[in-house]
Each structure stands twice: as structure tokens, then as C-alpha cells.
Amino acid sequence: MERMISGMLDNYERGNLGRRQLVQGLAALMLAAAPARAESTFKGVGLNHIALRVTGIRRSREFHQKHLGFPLISESETSCFLRAGEEFLALSRNERPGLDHYCIAIENFKPDAVMAELNRQGLRPRRTSGTDRIYFHDVDGLEVQLSAVDHRA
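So for the sequence shown, our numbering puts the first residue at 9; every next one is plus one.
Now the structure itself:
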């Protein structure tokens with residue numbers, strides 16, 4: 009490519025190429041050399057929810073309500089859902105606290121097609137029986153869920 013650029017500049021300096029032709033030639037060369045932008049597998053349009061494993065539902069709910077102002081959507085002995093703007097925070101009781109998964113809303117969510125594409129990409133997804141919940145792991149082993157834009161707690 010360096011040789012091509014040098015050739016264009018030489019032709020410009022000799023008067024064989026006009027300024028406009030030089031600029032157009034350099035621009036075309038740069039566009040041709042740029043790597044093609046890879047299309048993403050899906051179009052993520054936002055975070056739908058985050059699910060956390062917590063040692064105590066009530067204690068965690070109270071913390072998030074007191075310090076973050078998240079209103080309660082629903083609660084049981086083993087789980088709790090809190091509103092976080094348009095999204096939600098899911099808490100589930102577990103002796104090993106941490107991130108359970110994060111959920112990304114995608115455009116045109118069609119569960120069967122999503123499963124097929126994730127499998128085609130080698131991501132080994134799993135679908136919760138009888139639901140549209142689809143999970144797979146990211147490159148660090150964190151669990152990702154994909155959902156429709158309108159998926160709610």
C-alpha cells in the first residue's frame with residue numbers, strides 16, 4: 009500500500025494527477041484497506057435485568073430500597089424483583105452470593121432462531137424448559153440471558 013500511495017504522490021507532484029483526483033484516490037485506497045465491519049450476531053438494545061445471588065432476600069431488598077430507591081415488584085421467600093427504571097433487579101437466595109446472570113434485550117427476539125444462531129456460533133446455549141429464557145456464557149464464563157425488549161419480571 010505504501011508503494012501505491014508514493015506512486016499517487018509522485019503523479020500528483022509531476023502534474024499527472026489533480027488535487028481532487030489525489031484525494032479521491034487516497035480515500036478509495038483507505039476504504040479498500042479498512043477491515044470490513046463485522047455484523048454482530050444480534051442487535052442488543054439494552055440491559056433488561058441483572059440477577060444476583062444473595063444470602064438473605066429481605067436484607068438485600070432492604071439495602072437496595074434504602075440506598076437505591078428501587079420499588080418492590082414482587083417477593084417470595086427465595087426471590088425478589090425490584091424495579092430499576094424500565095429494567096429490574098432480580099435477587100435469588102443462595103449461599104454463594106454473586107452475579108447469577110445479566111440479561112440483554114435484543115431486537116426481533118425469536119427463541120428458536122436465537123437458539124439456532126447461538127449454536128451455529130458455537131456458544132452452546134441452553135433454554136429453560138417451557139420458557140423463552142435462553143442462556144449462554146460469555147468469554148469470561150459469566151452467564152448471559154437474551155430476551156425480547158418487552159420481557160418483564
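All residues carry an ideal CB built from backbone N, CA and C; glycine is no exception.
Note that this is a predicted model, so its numbers are computed, not measured.
Kindly identify the DSSP beta-bridge partner or partners of residue i.
| i | result |
| --- | --- |
| residue 52 | 114 |
| residue 106 | 61 |
| residue 83 | 88 |
| residue 72 | Bridge partners of residue 72: none, in fact. |
| residue 143 | 134, 153 |
Does residue i pass the burial test, meaning 16 or more other C-beta atoms within 10 Å, or should it be called exposed?
| i | result |
| --- | --- |
| residue 99 | buried |
| residue 48 | exposed |
| residue 82 | exposed |
| residue 90 | buried |
| residue 155 | buried |
| residue 126 | buried |
| residue 69 | buried |
| residue 44 | Residue placement at residue 44 is flagged as unreliable, the pLDDT there being 49, under the threshold of 50; the coordinate-derived value follows with that caveat. With fewer than 16 other Cβ atoms within 10 Å, it is exposed. |
| residue 153 | buried |
| residue 56 | buried |
Could you please give the first and the last residue of the uninterrupted alpha helix (DSSP H) stretch that includes residue i?
| i | result |
| --- | --- |
| residue 122 | 119-128 |
Please determine, among the options, the residue with the shortest C-alpha to C-alpha distance to residue i.
| i | options | result |
| --- | --- | --- |
| residue 137 | 130, 22, 119 | 119 |
| residue 104 | 60, 29, 32, 24 | 60 |
| residue 113 | 34, 67, 64, 157 | 157 |
| residue 76 | 97, 56, 135, 155 | 97 |
| residue 67 | 160, 121, 88, 14 | 88 |
| residue 78 | 95, 130, 84 | 95 |
| residue 51 | 116, 161, 131 | 116 |
| residue 131 | 34, 144, 109, 11 | 144 |
| residue 133 | 140, 139, 123 | 123 |
What are the boundary residues of the beta strand (DSSP E) that residue i is part of?
| i | result |
| --- | --- |
| residue 98 | 95-101 |
| residue 152 | 151-155 |
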